[in-house]
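Contents: one structure, followed by commentary.
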């Protein structure tokens, strides 16, 4: 509607000014709209027939598309799908590949939200999971595979013990059976590690963490390697290789190696509905622009802090893959480039009382549930993230009453060490000498 054909007051308040002048912004434009206009009747029909272009933001948005292309490039993947949270990324990736009767082989060292998804939600859908304790042993993964196994799952750097996944070795186990390895790469980020380059098929992230970097938005991403082989793996994933009930071409016929990610984009994510806001996509994109700078600084700070803590007599253990004493240090040196990450666990002498006093004394380091922020953060896993595990399970995974998790930020390292020193002093004042190291 033009200003000359203005109409009444209510008509004008809705229509006038809705068409912004064409321009080329330097920053990513935010297409904050539920849907998009069609140029013609045939244009609408063509969009619903081929999926090309943009019609409704639940199925595609130019701002979101730009961020997806950036993330696919950084991970070395063929295509990426942005969703509303990291948990949504894992759920969508799994639901696109699994059905009732399917089986997952997973590292036992995974985020508790993911563990709950596998053991509760997916189990009620008839999907079983076997957990591998010795994730460094490819034979342990191989022995866990069944005829109905459809996915291997692990984290590049695990929470909380900092175990590093031998991506190439585990991916090779999956490749031999035609089963994709999905890697949650949140802790490492594509700056330190790109699992697809080592044979993983799919990478997922919580974009809320390092990718956005400022703790301001929630988001998740799925990145696919684009190497799905329907001829070989079609029997395992018939939803990707069979034609539709109306005889329409299968995802494999239409998208070849990108059939997996196309299926997630067309038939899984839009139906379950974890659609990211274009505004969220914009903030994620803004964060990604400084990803390498932040992760490098965070990794440098974390290594300095870990070394300082490791030398303290009032610290029982530091589980940081960047230290030569860590069991995964050789894998960290093999896979991580540009640093060893910035999230790790520290166990204090004195148990729960020491951990409580330590955390409550900190002022530079923020006490909250999050990680990957520009700000340094601390959490007590045994009473928060790992509270639902048994004491035996927590001990097995390096979570003791005196364990705290640090996510090191970009602050001046001297300020962080000074804050930690005050925390350790407070912990020492309440610790009981007869409390065992990991009690």
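Residue numbers (this note's numbering): 990 to 1428.
No residue lacks a Cβ here, since even glycine has one placed at the ideal position from N, Cα and C.
The C-alpha of residue 1244 is placed about 10 Å away from the C-alpha of residue 1219.
A distance below 9 Å separates the beta carbons of residue 1065 and residue 1185.
By the neighbour-count criterion, in which a residue is buried when 16 or more other Cβ atoms sit within 10 angstroms of its Cβ, residue 1249 is buried. By the C-beta criterion, the region 1278-1290 is judged to be in contact with the region 1176-1183, since at least 3 inter-stretch pairs fall below 8 Å. Shortest Cα-Cα distance from residue 1194 to any of 1204, 1288, 1172 involves 1172.
Note on geometry: alpha-carbon atoms of residue 1215 and residue 1190 lie some 8 Å from one another. Between residue 1212 and residue 1083, the gap from beta carbon to beta carbon reaches 9 Å or more.
Taking 9 Å as the cut-off, the beta carbon of residue 1361 is found closer than this to the beta carbon of residue 1199.
For residue 1224 and residue 1350, the gap between their C-alpha atoms comes out near 57 Å.
Proximity of the region 1105-1113 to the region 1161-1169 falls short of the contact definition, fewer than three beta-carbon pairs being nearer than 8 Å. Scanning its chain for C-beta atoms nearer than 6 Å, with the 5 sequence neighbours on each side dropped, one finds around residue 1069 the residues 1057, 1060, 1061, 1210, 1212, in chain order. Linking residue 1241 to residue 1259 through their CA atoms gives a straight-line distance of about 19 Å.
When DSSP states are grouped into helix, strand and coil, residue 1139 belongs to the strand group. The alpha-carbon separation between residue 1319 and residue 1090 amounts to approximately 37 Å. By DSSP's assignment, residue 1307 forms a beta bridge with 1335. Counting along the chain, residue 1407 sits inside the alpha helix (DSSP H) bounded by residues 1402-1419. Closest in C-alpha terms to residue 1336, from the list 1321, 1306, 1201, 1328, comes 1306.
Rounded to whole angstroms, the separation of the alpha carbons of residue 1295 and residue 1331 is 9 Å.
One Cα belongs to residue 1002, the other to residue 1237, and the distance between them is close to 44 Å. Per DSSP, residue 1031 lies in no beta strand (DSSP E); the unbroken alpha helix (DSSP H) holding it starts and ends at 1030-1039. As summarised for the region 1201-1235, the continuous beta strand (DSSP E) elements at least 3 residues long and confined to that stretch are 1209-1213, given in chain order. Counting C-beta pairs with one atom in each stretch, the region 1365-1380 and the region 1131-1140 have fewer than three that are closer than 8 Å, which means they do not touch.
Note that the region 1379-1394 touches the region 1148-1160; at least 3 beta-carbon pairs, one per stretch, sit closer than 8 Å. Contact annotation, residue 1038 with residue 1025: C-beta distance approximately 16 Å; criterion of less than 8 Å not satisfied. Residue pairing from DSSP places residue 1045 in a beta bridge opposite 1024.
The Cβ atoms of residue 1272 and residue 1203 lie closer than 9 Å to each other.
9 Å or more divides the Cβ of residue 1208 from the Cβ of residue 1396. Bridge partners of residue 1109 according to DSSP: none are assigned. Assigned with DSSP and collapsed to three states, residue 1071 falls in strand.
The three-state secondary structure of residue 1396, taken from DSSP, is strand.
Burial state of residue 1005 is exposed, judged by a 10 Å Cβ sphere holding fewer than 16 other Cβ atoms. According to the DSSP assignment, residue 1093 belongs to the beta strand (DSSP E) that extends over 1092-1096. Of the other Cβ atoms in all chains shown, 16 or more fall within 10 Å of the Cβ of residue 1098; this residue is therefore buried. Rounded to whole angstroms, residue 1264 and residue 1301 show a C-alpha spacing of 47 Å. For residue 1350, the enclosing alpha helix (DSSP H) begins and ends at 1340-1350. In the structure shown, residue 1118 falls within a strand segment according to DSSP collapsed to helix, strand and coil.
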